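Just below is one structure, and these are the notes that go with it.
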Amino acid sequence: MSDDGSEAGVELPQMWQLIHPTYNHADSEEDDTDDEEVDMTSNDTAHGGRPADYVKLKKSAPRLGQLIRFLNDMEEEDLQGMLLEKDPVTQQTLLQWATLNNHFMLVEYIVKRMKRAAFFDAESIEVVVYDRWAEMSLELPTAAEVAERQKQRENEKAKRLAERAMANGGGDIDEDEESEEEEAVEPMPEELVYDTLEDYHSEWGDGGVGVVKRIGELGVYVGPRLLDGTKQGLGQTLFPSGDCYTGEYKENQRDGRGVYWWPKGGALYCGEWFRNMRHGYGRMVYPDGSRYIGWWVHGKRSGKGRYVYADGSSYDGAWVKDDKHGGGTYHLLDGSSFIGTFHHNEFVSGEWRLASGTVRYIGNFEKGAPVGAGVYVHRCGLKAGTFQQEGTYSTEDKAWVPSMLKVTTRMVPHMELVVPPQPSGLTRVPMEFGPGCTGCTMADLIKVANYAPLLRWVASLASAAKDVVVGGVELKGVELRGVEVQSMRYDDANPDIITEVTILPILVDRVGKRVHLPSESVTLKPSVTRLMILLEAPGAQPVVVLEKSLQSSSPDERHQQSRLPAVRISEDLSVSGDVVDAVGPTLRLQLTSTKFMALLLPAMRCHPMHGNAEESVWMYAQEVPRETMAQLQYKLQQLSAESREPMTTTYMAVPLSDVTAISTDAMTAMAAANVQQRRAAQLLPSATVAPQRAPTPPPPTLEPRPELQPLYDAKARRDEAEEEEE
């Protein structure tokens, strides 16, 4: 208790104060300048300016830099004891806290410096028994060897007794003779280890041998268990092999966030787990010093990730089952880099930036070398402006055969597109522009070859090689022989980004006959994810938030379409988009993660012979107060009114039953009809997130404090008058 009778807060140790900097002084005015705007007109750090890459931390953010400096100044013995202490706030050790919060560098620092001591106390009874097993392992027989020798002794004993019985004419063997055959039973390995730990015999009692045996066979586990002994929750394990793990368990398996250390090779993994496999987002440090941070699927690198090799080179891009596969960037040690498409660890197409920084090559590659048609882009010194030279690498001697050297050339752009193995064995097919792409260059064709929707369409061709039926026509063993690019469209805001490509695939059957489809061309677009925001109040009809924007093919701004807003879902399941930034804060909705949502309509795809259109719909459903529902339309209208820049997209709240009548977008109408049907059948959750609390009313305004100075002046005058009268 404090002097005034109030309860005093718990004073955190210095190490934990750096992790919870505002815990003991939540009302303090210290460091208020951290939240103020700083004049960034000058980046001169010598005169108080902040560097361009300065990251401003919140008051409550852990001070990891100060923490590492604090730990670095400590002796090994003091640090070991401190690492095993638990945080008074979270009841976690420092290693557990860093692991659960994805502070990978702090985890690596702790484990690399303290090794096993970062996980376990070397003086604990379990670790002492474990170390005794390790010391005696070379001398101890295995349980199988002891059992085998015991079996041999019993067989030899039975044989001797049988021989004596035959010598006695089949009579019984005297008990004295049997007692002579009794031999001492060879002790088991756990008994030998137990005998060397006499200091703990009284503490263990009769179960001491069992404790020693369990540690020798299973290692050491410290953490919560269910009633049946199943590991469940945050725990740590020292395995018989010497490996260490601390993190989350579920049903005896590593599941959740955790760190695993292999002491023999020095490898370290910190991240997400699923059923004892690296699965999710995590960071791996390999024995040779190379590092990978990114996504894992069933123990293999899959998804977006960055790999830094031991020699300093790095790859940042897509992975599939430990292979570089998809779009990515490979930076070599000499300063050159490959930017484009990788196919099972081989760079197949894209841009090769030479170490000089002034020359780039765009084209196809095979075994790390350019092949076929391509273009060199040169920069003239430090001045703005470039020129390009198109040409072809000959197939015989791999020599560069240039065409005319100018800004644009008369050479017809063409290249080879990497495709899945065709029935005929082809893995590359020609691709070039059609008559509708007059003026397009080789650089444009390379961008088309690396267009993500085209790569997804090419990957789906494996199914087209099988017997299929399209438009009532049976196609047997269809394979791709070529691609003609009929049109391509760039983003108006960013001319380097392609938004749509239309191709004419050249298809043949097994005998080489051209196959014509009902729709010859295939339009390729990026996949689209839409979000249905479904809000409902007690006694009110549910409403859906729609966006109203200009149609891409509309002749003027009067042709607008109402549909579900589009969002982007990243690999870490975070959600972003205009509706998240604008509508979320305005209506107090939690739209930043899919953990507050449910998948309403999974990705719907058409057959690859028709296109690669892919759309999915997620649903955010929440019950809101009646006051919020009453002001919903007004708040959405205020978004565009209060915007500093003219908004091309506006938002409106529409009753769920009216969505199909208002929207002309097929996916929006389909999603609305699906929700109505599933709600009627009670197959849809009423909400995907907890009901929204009513907004806290503002505190009442304080009455103005009366001015007391006139009263003081009047009292002073009265006192003076009384003194004069006396």
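Numbering (UniProt numbering), first residue to last: 1 to 726. Glycine is no exception: its CB is placed at the ideal position from the N, C-alpha and C atoms. Remember, it's a predicted structure, so these values are computed and weren't measured experimentally.
Taking 7 Å as the limit between beta carbons, can you name the residues of its chain near histidine 331, skipping five residues before and five after? Ser313, Ser314 and Ser337
Rounded separation between isoleucine 339 and threonine 586 - CA only: 40 Å
Looking at the structure shown, is threonine 586 part of a helix, part of a strand, or coil, going by DSSP? helix
Suppose the cutoff is 6 Å on Cβ atoms and the five residues either side in sequence are ignored; what does the same chain contact list for glycine 584 look like? If you ignore the 5 residues before and after glycine 584, its C-beta comes within less than 6 Å of the C-beta of Leu591, all in its own chain and listed in chain order.
Among Met629, Ala680, Pro21 and Ile533, which residue has its Cα nearest to the Cα of proline 567? Here the sequence assigns valine to residue 567, which means proline is not the residue at that position. The alpha carbon of valine 567 has as its nearest neighbour, out of Met629, Ala680, Pro21 and Ile533, the alpha carbon of Ile533.
Please name the residue or residues paired with tyrosine 292 in a DSSP beta bridge. Met284 and Tyr307
Tell me the rounded alpha-carbon separation between valine 285 and valine 348. 28 Å
Using 7 Å as the limit for Cβ to Cβ distance, is valine 511 near chain D? The chain inventory of the structure shown lacks chain D, comprising one protein chain alone.
Have a look at aspartate 581 and isoleucine 446 and give me their C-alpha separation to the nearest angstrom. Whole-angstrom Cα-Cα distance: 34 Å.
Kindly identify the DSSP beta-bridge partner or partners of arginine 568. Ser576
Residue closest to isoleucine 19, alpha-carbon to alpha-carbon, out of Leu426, Met652, Ala369 and Pro88: With distances taken between CA atoms, isoleucine 19 lies nearest to Pro88 out of Leu426, Met652, Ala369 and Pro88.
Euclidean distance between Cα positions of lysine 548 and glutamate 272: 40 Å
Suppose contacts are defined by Cβ-Cβ distances below 7 Å. Is leucine 417 in contact with valine 483 by that definition? yes
Is it buried or exposed for alanine 46, if we count other Cβ within 10 angstroms and need 16 for buried? Any reading at alanine 46 needs caution, since the residue's pLDDT is 44, under 50, leaving its predicted position unreliable; the model's value is listed next. The residue in question, alanine 46, is exposed, as its Cβ has fewer than 16 Cβ neighbours within 10 Å.
Touching or not, the region 681 to 688 and the region 615 to 625, by the rule of three or more beta carbon pairs under 8 Å? yes
Rounded to whole angstroms, what's the CA-CA distance from glycine 48 to glycine 81? Just pull it up for me. The predicted position of glycine 48 is uncertain, since its pLDDT is 48 and thus under 50; a value taken from the coordinates is nonetheless stated next. Distance between the alpha carbons of glycine 48 and glycine 81: 39 Å.
Going by C-alpha to C-alpha distance, which of Thr392, Glu163, Ile569 and Leu708 sits closest to alanine 369? Each of Thr392, Glu163, Ile569 and Leu708 was checked against the Cα of alanine 369, and the nearest Cα belongs to Thr392.
The beta strand (DSSP E) that contains threonine 329, what's its start and end? 323 to 331
With a Cβ-Cβ cutoff of 7 Å, do valine 544 and leucine 632 count as a contact? no
Per the DSSP calculation, glutamate 191 is bridged to which residue(s)? Paired residues: none, contrary to the question.
Roughly how many whole angstroms lie between the Cα atoms of leucine 64 and threonine 99? 13 Å
Status (buried if at least 16 other CB within 10 Å, exposed otherwise) for alanine 162: exposed
Tell me which same chain residues have a C-beta within less than 8 Å of the C-beta of aspartate 665, skipping the five on either side of it? Gln561, Ser562, Arg563 and Leu564
When you compare the CB positions of alanine 669 and threonine 660, do they come within less than 7 Å of one another, or not? Yes, Cβ-Cβ distance for alanine 669 and threonine 660 is below 7 Å.
Going by beta-carbon coordinates alone, are threonine 246 and glutamine 96 separated by less than 7 Å? Between threonine 246 and glutamine 96, the gap from beta carbon to beta carbon is short of 7 Å.
If you follow the beta strand (DSSP E) that glutamate 707 is part of, which residue opens it and which one closes it? No beta strand (DSSP E) contains glutamate 707, which DSSP labels as neither H nor E.
For the region 264 to 282 and the region 294 to 309, state whether three or more C-beta atom pairs, one from each stretch, are separated by less than 8 Å. yes
Length-filtered (3 minimum) beta strand (DSSP E) runs lying within the region 641 to 676: DSSP runs (the beta strand (DSSP E)) wholly in the region 641 to 676: 650 to 655.
Is proline 538 buried or exposed, if buried means 16 or more other CB atoms sit within 10 Å of its CB? exposed
Would you kindly work out how many angstroms separate the C-alpha atoms of glutamate 707 and alanine 714, rounded to a whole number? 13 Å
Cα separation between arginine 717 and glutamate 724? Arginine 717 and glutamate 724: Cα-Cα distance of roughly 11 Å.
Can you check DSSP and say which residues form a bridge with threonine 246? Gln236 and Val259
I believe glycine 208 touches tyrosine 194 by the beta-carbon criterion, under 8 Å. Please report the beta-carbon distance rounded to the nearest angstrom. 6 Å
With 16 other CB atoms within 10 Å as the buried threshold, where does alanine 324 fall? Note on identity: in this sequence residue 324 is lysine, with alanine being the wrong assignment. With 16 or more Cβ atoms within 10 Å of its Cβ, lysine 324 is classed as buried.
At what residues does the beta strand (DSSP E) containing methionine 431 begin and finish? 428 to 433
I need the straight-line Cα distance from leucine 234 to glycine 223, nearest angstrom please. Take the alpha-carbon of leucine 234 and the one of glycine 223: they are about 6 Å apart.
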